[in-house]
Amino acid sequence: MILESHNHYGFIDTGSGFYYPMIEKHLNDLNIKNIDFIILTHFHSDHYGNIVNLINDYSVNKLYLKRYYGLDGTTASGYQS
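Residue numbers (my numbering): 439 to 519.
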């Protein structure tokens, strides 16, 4: 999800890496160069899959993420039982 307010942009999650060409085209079509923040809700690849691409290709000011407990990406919550 891309949030926009008065030419400031933020992401909630970044989608699967497979979708980066479409995300990049959309951002470029909107002439977006800076992303004010990215919030990663949890550590499943369909939520964080483009974080490296976005950080490498755009100016990202802040990244927010929750504590990761080292469980693999198949767990639903990322927390230890």
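Where is the CB? At the ideal position from N, CA and C, for every residue including glycine.
Taking every protein chain shown into account, the CB of N494 has fewer than 16 other CB atoms within 10 angstroms, so this residue is exposed. Ranked by how close their Cα comes to the Cα of T479, the residues E462, N469, N466, T452 have T452 in first place. Our two residues, L441 and R505, have alpha carbons roughly 23 Å apart in a direct line.
CA-to-CA, the gap between G455 and H446 works out to about 23 Å. Between D467 and G448, the C-beta gap is not smaller than 8 Å, which leaves the two residues out of contact.
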